[in-house]
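*Asks:* Just passing along the structure, written as structure tokens.
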Amino acid sequence: MCQQTRVDTVIPYYERFLKRFPTIATLAKAPEDDVLALWSGLGYYRRARLLHKGVREVVSAYGGAMPSDASARLGLPGIGRYTAGAIGSIAFHKEEPIVDGNVKRVLSRLFVIDTPLGRSDTENAFWEKAQHLVRGDRPGDFNQAMMELGATICTPTSPRCDECPVRRHCRAKKEARVYELPVVLAKKAPKIVQVVAVIARAVGDDDAAWLQRCDQALFGGLWNLPMMEGEGRDDAQEALRKAGLRGKLSSRKIGDVVHILSHRRMHVEVWTAVVTKQRGTMTRRYVRHKALKALGVSRLTQKLLATGAPPSEESCSCRSRRAHDRAACG
Ligand code: SF4
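This note's numbering puts the first residue of the sequence shown at 67, with every later residue one more than the last.
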């Protein structure tokens, strides 16, 4: 949960997750929808799906116990070098390294690794150094100390070298190159993606919307509004049609939402539609707003639904929705 997400954001999610899934067995048995529902709002849903898949494999292939062997751990879905090292060193007290962004910064300064971050030779150099350093009977504590050193002392812009416990060994400090390291290449600008989304409802029903389960990589497994890349009314109509819904689309979009992901910036036009008779299917459901919590719904969908929410009493003086529509306020 903490990969790409701040700890204080994660804590309430983590607590709810462990309350609902206190053991590997309960998590393995749970339907994916329940897992995604508890992840809803954290983003990077692939992590939740892989965690679930990995745990199921731990149950089916290893009788519910995480394998202590590093190569077996690395063969599990969702477990890469970092997670394998975290489990190996913290849970099994094995001399396995962990390299995260904080550790890379510390190592690049300690040993003057001055090739750019992200390049395979640079990454290999970090793992080699980390493997060399993690020795003794408390490898988990050592790894966590390295991460903490990077997070609190050897920070990106104001490293506190005078208080640093490893300053005597630091080559960058000796060579006055601390501020040059690590070498970071300029990031690519995020790709802008134009999207249309449709809040489709039964006539006069503001408290529900049709959602479809998305099987594309970006929001795979989550329930989303009918949406697709595109812009304008024709594309919104097409998004509705592709979701298997028939209805009357609003004559104009009701708003625009910008949603920023790590490498994309989504510009979403929000449209509404009144859907005439339609049936739910495995991949399409008419969901009441209060039931959204029980489903895996992306933050984007929550934002889009808020755009189409009925006017609140504070923002509108009309006494009923019909009066509001006639006055065209809000
Ligand atoms: S001496 Fe300074 S640059 Fe070197 S590891 Fe410590 S905080 Fe980082």
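All residues carry an ideal CB built from backbone N, CA and C; glycine is no exception.
(1) Any contact between the stretch 249-266 and the stretch 355-364? By contact I mean 3 or more CB pairs, one from each, below 8 Å.
(2) Please give me, in chain order, every unbroken run of the beta strand (DSSP E) with length at least 3 that falls completely inside the stretch 236-282.
(3) Let me know the secondary structure DSSP gives Ile153 once reduced to three states.
(4) Let me know if Lys343 comes out buried or exposed under the rule of 16 or more other beta-carbons within 10 Å of its beta-carbon.
(5) Does the contact criterion of 3 or more C-beta pairs under 8 Å hold for the stretch 306-317 versus the stretch 334-354?
(6) Taking 7 Å as the cut-off, does the CB of Lys119 come closer than this to any heavy atom belonging to ligand 1?
(7) Whose CA, out of Arg185, Ser186, Phe208, lies closest to the CA of Ala196?
(8) Return yes when the C-beta of Arg330 is under 7 Å from any heavy atom of ligand 1, and no when it is not.
(9) Give me the residue from Asp135, Arg113, Ala103, Leu142 with the minimum Cα distance to Arg122.
(10) Would you check if the distance between the CB atom of Leu102 and the CB atom of Ala91 is smaller than 8 Å?
(11) Mark Asp301 as exposed unless 16 or more other C-beta atoms lie within 10 angstroms of its C-beta, in which case mark it buried.
(12) Any chance the stretch 329-338 sits against the stretch 261-281, with 3 or more Cβ pairs inside 8 Å?
(13) Looking at the structure shown, is Met67 part of a helix, part of a strand, or coil, going by DSSP?
(14) Can you say whether Asn290 is buried or exposed, counting buried as having 16 or more other CB atoms within 10 angstroms of its CB?
(15) Residues bridged to Ala422 by DSSP?
(16) Taking its Cβ as the centre, do 16 or more other Cβ atoms sit within 10 Å of Ser137, making it buried, or is it exposed?
(17) Taking 7 Å as the cut-off, is the beta-carbon of Cys220 closer than that to any non-hydrogen atom of ligand 1?
(18) In this structure, what does DSSP give as the bridge partners for Trp289?
(19) Would you mind reading off the limits of the beta strand (DSSP E) that contains Gly321?
(20) Should the stretch 209-217 be regarded as contacting the stretch 163-181, the criterion being three or more beta carbon pairs within less than 8 Å?
(21) In the DSSP assignment, find the unbroken alpha helix (DSSP H) run with Val121 in it and report its ends.
(22) Out of curiosity, what's the CA-to-CA distance linking Cys399 and Val244?
(23) Whole angstroms are fine: how far does the CA of Ser328 sit from the CA of Glu194?
(24) How should Tyr111 be labelled, buried or exposed, when 16 other C-beta atoms within 10 angstroms of its C-beta is the threshold for buried?
(25) Tell me His355's beta-bridge partners as DSSP assigns them.
(26) Kindly indicate the opening and closing residues of the alpha helix (DSSP H) around Met132.
(27) Starting from the N-terminal side, write out each stretch of the alpha helix (DSSP H) that is 4 residues or longer and does not extend beyond the stretch 172-203.
(28) Can Arg279 be considered in contact with ligand 1, in the sense that its beta carbon sits closer than 7 Å to one or more heavy atoms?
(29) Report yes if the CB atom of Val172 is closer than 8 Å to the CB atom of Cys227, and no otherwise.
(30) For the candidate residues Glu81, Gly167, Tyr128, Val125, whose alpha-carbon lies nearest to that of Gln70?
(31) Given Ile145, which residues of its chain have a CB within under 7 Å of its CB, disregarding the five upstream and five downstream residues?
(32) In three-state terms, what does DSSP make of Arg345?
(33) What I want to know is whether the C-beta of Leu176 ends up closer than 7 Å to one or more non-hydrogen atoms of ligand 1.
(34) For Ser134, which residues in the same chain have their Cβ closer than 7 Å to its Cβ, ignoring the five residues on either side in sequence?
*Replies:* So, from the listed chains and residues:
(1) These segments do not touch.
(2) Runs of the beta strand (DSSP E) lying entirely within the stretch 236-282, each at least 3 residues long, are 257-267, 274-279 in chain order.
(3) In the sequence shown, residue 153 corresponds to position 87, counting from 1. Here Ile153 sits in helix by DSSP.
(4) Position 277 of the sequence shown, counting from 1, holds the residue named residue 343. Label assigned to Lys343: exposed.
(5) Using a Cβ-Cβ distance cut-off of 8 Å, the stretch 306-317 and the stretch 334-354 are in contact, since at least three pairs of beta carbons, one from each stretch, lie closer than that value.
(6) Here residue 119 is taken as the residue at index 53 of the sequence shown, counted from 1. No; taking the cut-off as 7 Å, the Cβ of Lys119 has no heavy atom of ligand 1 nearer than that.
(7) By 1-based counting over the sequence shown, the position of residue 196 is 130. Checked all of Arg185, Ser186, Phe208; the closest Cα to Ala196 is Phe208.
(8) To locate residue 330, count along the sequence shown from 1; it is residue 264. No, the Cβ of Arg330 stays beyond 7 Å of every heavy atom of ligand 1.
(9) Here residue 122 is taken as the residue at index 56 of the sequence shown, counted from 1. Arg122 has its Cα closest to that of Leu142, out of Asp135, Arg113, Ala103, Leu142.
(10) Residue 102 sits at position 36 when you count from the first residue of the sequence shown. Residue 91 sits at position 25 when you count from the first residue of the sequence shown. Cβ distance not < 8 Å, so Leu102 and Ala91 don't count as in contact.
(11) Position 235 of the sequence shown, counted from the first residue, corresponds to residue 301. So Asp301 ends up on the buried side.
(12) Touching, yes.
(13) Working through the sequence shown from its first residue, we reach residue 67 at position 1. Coil at Met67, not helix or strand.
(14) Here residue 290 corresponds to residue number 224 of the sequence shown, with the count starting at 1. With 16 or more Cβ atoms within 10 Å of its Cβ, Asn290 is classed as buried.
(15) Because residue 422 is not part of the residues shown, which for the chain are 67 to 396, the question remains open.
(16) As a position in the sequence shown, residue 137 is number 71, starting the count at 1. When all chains shown are included, Ser137 counts as exposed.
(17) Locating residue 220 in the sequence shown gives position 154, counting from the first residue. For Cys220, the Cβ falls inside the 7 Å cut-off from some heavy atom of ligand 1.
(18) In the sequence shown, residue 289 corresponds to position 223, counting from 1. Arg279, Val363.
(19) Counting from 1 along the sequence shown, the entry for residue 321 is found at position 255. Counting along the chain, the beta strand (DSSP E) containing Gly321 begins and ends at 321-326.
(20) The stretch 209-217, when compared against the stretch 163-181, does touch it at the 8 Å Cβ threshold.
(21) Residue mapping note: residue 121 aligns to position 55 of the sequence shown, counting from 1. Run containing Val121: 111-128, per the alpha helix (DSSP H) assignment.
(22) Residue 399 is absent from the structure shown; the chain starts at 67 and stops at 396.
(23) Counted from its first residue, the sequence shown places residue 194 at position 128. Counted from its first residue, the sequence shown places residue 328 at position 262. For the pair Glu194 and Ser328, the Cα-to-Cα distance works out to about 28 Å.
(24) The residue labelled residue 111 in the question sits at position 45 within the sequence shown. Buried, since its Cβ has 16 or more Cβ neighbours within 10 Å.
(25) Along the sequence shown, one-based indexing puts residue 355 at 289. Answer is none; His355 lacks a bridge partner.
(26) On the sequence shown, position 66 is the one that residue 132 refers to. If you look at Met132, you'll find it isn't in any alpha helix (DSSP H); DSSP assigns it neither H nor E.
(27) If you keep only unbroken alpha helix (DSSP H) runs of at least 4 residues inside the stretch 172-203, you get 186-199.
(28) Within the sequence shown, the letter at position 213 stands for residue 279. Every heavy atom of ligand 1 is 7 Å or more from the Cβ of Arg279, so no.
(29) Residue numbering aside, residue 172 sits at position 106 when the sequence shown is read from its first letter. Residue numbering aside, residue 227 sits at position 161 when the sequence shown is read from its first letter. No, the Cβ-Cβ distance between Val172 and Cys227 is not below 8 Å.
(30) Locating residue 70 in the sequence shown gives position 4, counting from the first residue. Among Glu81, Gly167, Tyr128, Val125, the Cα nearest to that of Gln70 belongs to Gly167.
(31) On the sequence shown, residue 145 is found 79 positions in, with the first residue counted as 1. Gly120, Arg139, listed in sequence order.
(32) As a working note, residue 345 is residue 279 in the sequence shown. In the three-state reduction of the DSSP assignment, Arg345 falls in the coil class, being assigned neither a helical nor a strand state.
(33) The residue given as residue 176 occupies position 110 in the sequence shown. Checking the Cβ of Leu176 against ligand 1 gives yes.
(34) As a first step, residue 134 must be located in the sequence shown, where it is residue number 68. Excluding sequence neighbours, Ser134 sits near Phe158.
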